[in-house]
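A short write-up of the structure that comes next.
Residue numbers (the working numbering), protein chains in the order written: chain G, 1 to 281; chain V, 1001 to 1199.
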């Protein structure tokens, strides 16, 4: 019966269909309009309001398998920060893969006049979860006596005035799971009043919205879509924007499959009831 | 087509992982084991670098002798591998567990509980505010298992259940979107960086 066939479509056809539906807009780009959400705009506005002399702490907290979703947002935010004159950026990582992405940022993004040591610092991996974040917020120099490359932190001019979380104008974390921004909210924002913003995977973005509403979080860049929105605000085109057409087509494909599967399910239930009713007569 | 050997290796390994959709093959297992091994090795290298910068350099070059205490705790952790001395590793574990619990407990009350409750106390002057206040109340009421449910309060629990169902549906949809984004990264790597089909 047709309803049986709709419910039991061979998976290999579904995979092939998904591949075609997502590959087509990547090979033949279809420009789709991107509207900027209020949470992404908040992150942009906070960074735009930074003044010369302000410092940003950027924490990379995702693993390599999530980089396709989270690295575009990190890249866009980092580009924005380094374009602000006189603003320092200090980078740490709380995941073991994080230092790799911090290094990629340093190697691939042009920071203009900013120099390592004077305007940009890579402190490296911070193990220990929220306890380590609490220690960092209390005393940055004791937590990181040396930067990622082994240089004494006291010899880095950028770190001279940065002792605790209250010396940072903004903390941005980029995470895919685990603690997320909650650890930074609890330790940095609650105890030191530091502004915290976040870049999160779309699956975690929902759980961050209560903190946006309570104004504990000053903005959220959510996944690949958030990266595309941020690129639009920066008036650039990057991997976030490139993936939007394919992501939209994938969402439509899933909706069509949902409808087809439910038609099959409901139709089969109806047919069974009709057959049972006909048998009783 | 890329001429970088590392792009070829990463693309072939990605395809080996995807071969799981066909069947659990030798190629999939090989790629999985390579991933696990490299992940473990990379993690070890990063952890050692962190120890070198935070413990060994300050202790042996800057003579910060108070760092002998964490060094002893690190060594005691490895007594877990010696059955007769395993009990000593509990001393090392007790510190992060106790410290972490204390830090998080204090911060959870002042940094999460009170601000979130305060943020829910909204004036009922818009649809959004009404949904937030009523929804929070109904969902919280659903989880009050110490009060015997009554017939006239069942609608409150029902509203809580329906709101949770909507939330779980949203959560699933965002999870699908997140995984789609990761899959798109794979496509861009294979068909863009490796094969050069995507410009």
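Ideal placement from N, C-alpha and C gives every residue a C-beta, glycine not left out.
These numbers were taken from a predicted model, which means no experiment stands behind them.
Check, Outcome
"Minimum C-alpha distance to residue 112 of chain G - residue among G:87, G:132 and G:133", "G:87"
"Test: residue 166 of chain G CB closer than 7 Å to a CB of chain V", "no"
"Rounded distance between the beta-carbons of residue 156 of chain G and residue 147 of chain G, thought under 8 Å", "6 Å"
"Per-residue DSSP class, three states only, for residue 116 of chain G", "strand"
"Nearest to residue 64 of chain G (by Cα), restricted to the options V:1161, V:1136, V:1001 and V:1035", "V:1035"
"As assigned by DSSP and simplified to three states, the class of residue 10 of chain G", "coil"
"Burial state of residue 249 of chain G, where buried means 16 or more other Cβ atoms lie within 10 Å", "buried"
"Within-7 Å CB hit, residue 59 of chain G to chain V", "no"
"Alpha-carbon to alpha-carbon, residue 1155 of chain V and residue 280 of chain G", "Any answer about residue 280 of chain G is weak, because its pLDDT of 47 lies below 50 and its placement is not dependable; what the coordinates show is given next. In a straight line, the C-alpha of residue 280 of chain G is about 38 Å away from that of residue 1155 of chain V."
"Cross-chain neighbours of residue 1170 of chain V in chain G, by beta carbon under 8 Å", "206"
"Spatial neighbours of residue 186 of chain G in its chain, beta-carbon cut-off 8 Å, leaving aside the 5 residues before and after", "130"
"Residues from the stretch 224 to 247 of chain G in contact with chain V, defined by Cβ distance under 8 Å", "224, 225, 239, 242, 243, 246 and 247"
"CB contact check: residue 27 of chain G to chain V, cutoff 7 Å", "yes"
"Three-state secondary structure (DSSP) of residue 88 of chain G", "strand"
"Under 7 Å (Cβ pairs) to chain G, residues found in the stretch 1151 to 1182 of chain V", "1170, 1171, 1174, 1175, 1176, 1177, 1178, 1180, 1181 and 1182"
"Contact set between the stretch 1081 to 1107 of chain V and chain G, restricted to residues whose Cβ is under 7 Å from the partner", "1096, 1099, 1100, 1103, 1104 and 1107"
"Beta-carbon contacts of residue 195 of chain G that lie in its chain and below 8 Å, excluding the five residues immediately before and after", "46, 169, 170, 171, 189 and 218"
"Proximal residues, the stretch 1051 to 1062 of chain V versus chain G, C-beta separation under 7 Å", "1053, 1054, 1057 and 1058"
"Any C-beta of chain G under 7 Å from that of residue 1195 of chain V", "no"
"Residues that residue 146 of chain G bridges to, as DSSP identifies them", "G:152"
"Cβ of residue 1025 of chain V within 7 Å of any chain G Cβ", "no"
"Whole-number beta carbon distance between residue 75 of chain G and residue 238 of chain G, since they are thought to touch under 8 Å", "6 Å"
"Alpha-carbon to alpha-carbon, residue 1031 of chain V and residue 8 of chain G", "31 Å"
"Touch test, the stretch 1172 to 1184 of chain V against the stretch 201 to 211 of chain G, Cβ-Cβ under 8 Å, three pairs minimum", "yes"
"Residue 1193 of chain V - containing alpha helix (DSSP H), residue span", "From DSSP, residue 1193 of chain V is part of no alpha helix (DSSP H); its letter is neither H nor E."
"Element boundaries [alpha helix (DSSP H), containing residue 1176 of chain V]", "1154 to 1187"
"Start and end residues, alpha helix (DSSP H) containing residue 213 of chain G", "202 to 213"
"N-terminal and C-terminal residue of the beta strand (DSSP E) that residue 174 of chain G is part of", "170 to 175"
"Interface flag, residue 1119 of chain V vs chain G, CB-CB below 7 Å", "yes"
"Three-way DSSP call (helix, strand, coil) for residue 279 of chain G in this model", "Low confidence applies to residue 279 of chain G: its pLDDT is 48, below 50, so where it sits in the model is not reliable, and the reading given next is rough at best. Looking at residue 279 of chain G - three-state DSSP - the assignment turns out to be helix."
"For residue 123 of chain G, three-class secondary structure by DSSP", "strand"
"Beta-carbon gap between residue 26 of chain G and residue 1017 of chain V smaller than 7 Å", "no"
"Member of G:191, G:143 and G:33 whose CA lies at the smallest distance from the CA of residue 240 of chain G", "G:33"
"Within chain G, the residues that residue 1137 of chain V reaches when beta carbons sit closer than 8 Å", "In chain order: nothing, as chain G lies at least about 15 Å away."
"Any beta strand (DSSP E) of 3 or more consecutive residues that is wholly inside the stretch 38 to 68 of chain G", "55 to 61"
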